[in-house]
Each structure stands twice: as C-alpha cells, then as structure tokens.
C-alpha cells in the first residue's frame, strides 16, 4: 500500500488563505451579519432573560419583505428597508404577546416553531416568495432590482476607496457598511443598557416577580426587547440578502439562529462588546474550513459541511460545559438558573 | 324532580370540563371528524386517518421519551430528534449495508439508540447536573449535541437520500381501504408498542417510579427510590423508543440527516399538547397530531401539512399551555 505524501499534510495550505483578502472579506461580512443577530440575542437572552430561538424568522421577514417589495411590487430599495423593519417588528410583537407570558422553556420552543412556520411559508407560498427557487433579480427587468441599487452604491464607495487602495475587493463596501452598523448598534445598545430602561430589563432577568411588584409592566418591557431584536434581525437579513444576492428559504434554517447563539456564547453573555469578537472568531474558524484545501477523499464537500456543523456543536457543548460565560462574559451576569 | 335550568347545565358542563379538560379536546376532534366525513366522505377520512395513525405513532413514540426526560431531568432535549435519525441510520446499516432482515435492524437500532442515550447521560447530563447547570446551559448543550450527531451521520452517510429495504409497492385491501403493506406494519407496530408502553408505565414498578420522578425528583428520592437507576432506565427507554420511531419514519419515508430534526417540532407539539411530563398525554397527543396532520390534506394542499403540528403548538400555547391533560401549574 502506498500513501500519497500530499494526503499527509492536509493543513499545509492554511497560511496561504490567511493572506488571501477574499478570505478576510468573507469572514468579515459573515461575522458582521451574525454580530448584528447576536446583538439582538444579547439583548433578549443576555439582558432580558428571554431565550429567543426565532431570530432566523426576523432575518427571513426582513430579507423577504425587502426583496418582495423591490422585485415584485417595484418599490424603491430605500423605501423597502423601513417597511421591512416595520413588518419584522410587528411580527415580533404579535408573536411575543401570547408567548412571552410563558415560562422560558415554552418560549424557546414557541419561537423556534414560529421561525419554522415562517420558513415553511417562504418555501410553499411560491407565488409570493418564489418557493424553493428563492427570490432573485429579474434579468429581463433589471430596473427594479435591489442588487442594482446596491451595486451603484457599492461602486461609488469603492471608487472613493481607490484613492487609498488601488484594487479593493468587490465586497469591501458591504463589509464597511455592515461593520459601521455593528458599531452603531453596539453603541446604542450599550447606552440603552445604562439607561433606566436597561436596568428594568436586568431586573426582569433576575426576578420577574420582583420587577412586577415594583410596578413595572414586565410584559411591555419584554415586548420592547423582542421588538428591538426583530429590528436587528431584519437588518441582518438585508445584509445577508445583499451578500448572497438571492433570498432563499434555506438561508433561514434554525441553524442560522444557533450560529448566532454560538457567536453570543463565545463572546460572552452580558457583554455587548464581546459579541463582535465572538463573531470574528467563530467565522474565522468556520470560513477557515472553506478556504483550507482539504484533500478530497476523505474530505468531500458534504463532509466539509459536516465538519462545520460538528465545530458548531462541539463549541456549544464545550463552552456550556467548561466556560458558560464565554470569553468576556461575567458569571454573575448569567441567567443560568431556572 | 324539576329539570335543571339551562344555566345550571352550562355550569355543570363548565365544571366537568374544568375537571376533565381532555373532554374538550375529544369534543373538538369529534367535531372535526364529523365535519370532514360530511364534506369529504368516510372513505377519504378513514384512508387519511390510517396515514395519520402511522405518523402519529412515530410522533407519540418520540414524544413519550422526550416528555419523561424533560420532566425528570428538567432537560429540553433538542438532540432527541437526532436520536431518531441515529436509529434510522443504524437500521440502514444492518438492513441495507449488511443485508439482514428489517426485524433485526429494528432491534439493533433500538439497542444502539438506547446505548447512545445512556452514553450521553454518563458523559454530559450526569456531570452537568452535578454542576447544577441552569436551563440555558442545558438547552444550548443539547442543541450542540444535535448538531454533532447530525454532523457524524452526514460524515459517514452523506446527505444523499436513502431508503430501507422495505416493500413499498404491495398494498392490502381492508374494508375498501387501500393500505400500503409497510404502512400497515408501521401502524400495527407503532400502536402495539404505544399500548405496551402505556401498560408498562401504569403497571410496572419501574413505570411508576419513572412517573414519580417526573412528578417530583426530590420527593421520589426521599421516598427511597434509587433515582440514579431510574434515570438510567429512563434514558434507555427514551433512546429505544426514539430509535424505533426513527426506523418507522424511515420505513414510510426515507433517510436523510435532517429526518429527526424535522420530526422534532411536531414531537415537541405533542409533548406540550399532552402536558409536559405527562407520558400518557404525550402518547395520546402524538396520535392526535399525526391524524390531524394527515386529515389536513383533505382540505388544504399537502405541502402545507407540516404546518399543522406548529399550528396545534401555537393554539395550545395560547389557550392552554399546560396541555389538555395538564394541571394548572405555573407555566
């Protein structure tokens, strides 16, 4: 039996991908998108104590509303954004009203079920959502098409960038816009957390009955927390749609929510600044599996996908077992009890 | 004796509904049944009802293990669906790769899934309980475990759709109904095992102990029950039934790594409809959701049928979160 010497050094190409700008842009874009989702989760789960497993639904509603309004109804890209955010928020409130009264475990199941209903709807309401084909640009009628609008913005940003960098990657403008959003959202949430409003949320997390006894309408506060998460989710949904250039039901599987949970836990519960770090680390590892040239047998494409799934799984198990507060979280900030 | 006034009848009805809430559920199901028979004919209702029973048996077998684990260990086990997938692939290994009969495959799948359940109790859940891990830690850990199991299955068997070596063409004619042979076997095995499980929980000492633990673990411990042993048996029990449910699901559909995760939410719906921790409730609710799902195809496009389980879940959570059999605890 002879052994192919190439098979013995499967990781030899790692360093090459580290100098590849495409790798870093791809890590940066995904990390930024998931940082936005995880900020919503941080507000809900980290600071309000409501375990929201339905972020994928808010992302889907944001992305689909925007794409349907622009592609099917001919709305302008700019008008579609606030409408999509509003739809997502309204949906969050409608879902929250009956389910936020329930215990945390019921709420978690209710939200994941709600997210699956949204995905099922996207998959089956073919006339509206394009079903399993997804929604993409109509090439015969490119005038009302969200990537077109975005492309022109993107080009003008890159034109400006060429003053400093001769050949910027095409996704660089998206990367910049996403991370500016991450920064603004982090600042806004940190400010809110220091405000009296944020203190009420923490009181609810620690002891909802006590907060109620102090005269706080806890349901209203929890609804506001969920609605803000819905806004963040729908914004992340737009960026995902801009990154992928299509809107497809498979992009909003429950797995997406749990990628964001991995980011949240890695960064640490109860720390908004940890979220960005967690997101970059998580996607650095996950995108690494895509950019490292693994030898085909045994690493077929589905096996690489399974490795990504296994990394996510092991990360969740390992962190929960050994460091539930994540990298930057404070143990006392964690809702680990009932 | 004078006739009771109409308001008194209303009062009495309300009172008996309060004491036996499942009567309301039975009445709703009966009303749906009669309406469907009137609109679509008895034949169609019975034909889809058979499909519903096989699906419902799968849900019920999954739900009974999930609900016991939930109640006894306070663990919302999102990996339970992937236990079903694991069972299905274990059966595939024996039945297709090794070419042995399906009966052997079923027992192998049940055995291996039970071992899997026990293994994770030793490696993860036991130590985590000793650390007094909280709800969020456990739930996220179970999700991690679900991904890990799915990744392992995907590594070895890829995402290709596979089928068990079962007879998919022959049908049996029974009372004018045309039932696939495999379908019939699934219904019979499923319902028979459900009855056996119900009897076991009611009659045997182990069943009683499991229910005692699911009511109150500390109290059961104080009463001198060896809780550790009962917990181990609960995992064996939940694992074996999940394995069986996975094989049955694979027999009437096919195998793919997402099989179990797709079944998990309707199974959760059964657990909640039956009242969390109530094993009998889970058995009944699983069957109800399965039958409702198939009946829905009479009135709406079949591609929407997966939504029925979610719809039931949402309605139950809004109207009666403690489930149809549940006592009003703090939810």
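Protein chains in written order, with the numbering used here: chain A, 303 to 640; chain B, 4 to 334. Note that beta-carbon positions come from the ideal geometry of N, C-alpha and C, so glycine has one too.
Under 8 Å between C-beta atoms of residue 240/B and residue 149/B: Between residue 240/B and residue 149/B, the gap from beta carbon to beta carbon reaches 8 Å or more.
Own chain partners of residue 311/A with C-beta closer than 8 Å, once the 5 adjacent residues on each side are dropped: Reliability fails at residue 311/A, whose pLDDT of 48 lies under 50, so the model's placement of it is uncertain and the value that follows must be treated cautiously. There are no such residues.
Cα-Cα separation between residue 485/A and residue 573/A, rounded to whole angstroms: 14 Å
Beta carbon of residue 262/B nearer than 8 Å to that of residue 253/B: yes
Residue 363/A vs residue 382/A beta-carbon contact at 8 Å: no
Pair within 8 Å by beta-carbon distance, residue 220/B and residue 230/B: yes
Cβ shell of residue 98/B (< 7 Å), same chain only, five flanking positions each side left out: By the criterion of a C-beta distance shorter than 7 Å, residue 98/B is surrounded in its chain by 105, 108, 167 and 168, once the five residues flanking it on both sides are discounted.
Distance, residue 259/B Cα to residue 165/B Cα: 7 Å
Proximity test, Cβ basis, 8 Å: residue 93/B and chain A: no
Any chain B beta carbon closer than 8 Å to residue 619/A: Using beta-carbon distances, residue 619/A counts as an interface residue toward chain B, with a partner under 8 Å.
Element boundaries [beta strand (DSSP E), containing residue 176/B]: For residue 176/B, the enclosing beta strand (DSSP E) starts and ends at 174-177.
Beta-carbon proximity check, residue 267/B vs residue 64/B, cutoff 8 Å: no
Classification of residue 46/B by the beta-carbon crowding that lies within 10 angstroms, buried from 16 upward: exposed
Rounded distance between the beta-carbons of residue 352/A and residue 257/A, thought under 8 Å: As displayed, chain A neither begins before 303 nor continues past 640, which places residue 257/A out of reach and without an answer.
Straight-line Cα distance separating residue 535/A from residue 527/A: Computed Cα separation, rounded: 12 Å.
Simplified DSSP state of residue 212/B, which is helix, strand or coil: helix
Any 3 or more C-beta pairs closer than 8 Å across the segment 578-588 of chain A and the segment 323-337 of chain A: yes
Contact check, residue 147/B vs residue 270/B, beta carbons under 8 Å: no
Interface partners of residue 626/A on chain B, CB under 7 Å: 140
Interface partners of residue 426/A on chain B, CB under 7 Å: 306 and 307
Amino acids of chain A, ordered along the chain, whose beta-carbon sits closer than 9 Å to that of residue 162/B: 604, 607 and 608
Cut-off 7 Å between Cβ atoms - residues of its own chain near residue 304/A, not counting five sequence neighbours on either side: At residue 304/A the pLDDT is 47, less than 50, meaning the model places this residue with poor confidence; the figure from the coordinates comes in the next sentence. Within the same chain, residue 304/A has no close Cβ partners at all.
DSSP-derived helix/strand/coil call for residue 353/A: coil
Same chain only: Cβ atoms within 8 Å of residue 95/B, ignoring 5 sequence neighbours per side: 108, 160, 165, 167, 253 and 258
As assigned by DSSP and simplified to three states, the class of residue 78/B: coil
DSSP state of residue 450/A mapped onto helix, strand, coil: If DSSP states are grouped into helix, strand and coil, residue 450/A belongs with the helices.
Test item: CB-CB of residue 341/A and residue 577/A under 8 Å: yes
7 Å Cβ cut-off: residues of chain B touching residue 484/A: Neighbours of residue 484/A on chain B: none; closest Cβ ~23 Å, over 7 Å.
Integer-rounded CB distance, given that residue 291/B should sit under 8 Å from residue 276/B: 7 Å
Check whether residue 338/A and residue 459/A have beta carbons under 8 Å apart: Going by beta carbons, residue 338/A and residue 459/A fall outside the 8 Å limit.
Cutoff 8 Å: residue 113/B Cβ touching any chain A Cβ: Residue 113/B does not count as touching chain A.
Residue-chain proximity (residue 86/B, chain A), Cβ-Cβ < 8 Å: no
Check: residue 592/A C-beta below 7 Å from any heavy atom of the ligand SAH: Ligands in the displayed structure: none, and consequently the ligand SAH is not present.
Proximity below 8 Å, CB of residue 279/B to CB of residue 73/B: Note that the C-beta distance between residue 279/B and residue 73/B is below 8 Å.
Unbroken beta strand (DSSP E) run spanning residue 181/B, endpoints: Start and end: 180-183.
8 Å Cβ cutoff, residue 241/B in contact with chain A: No, no contact with chain A.
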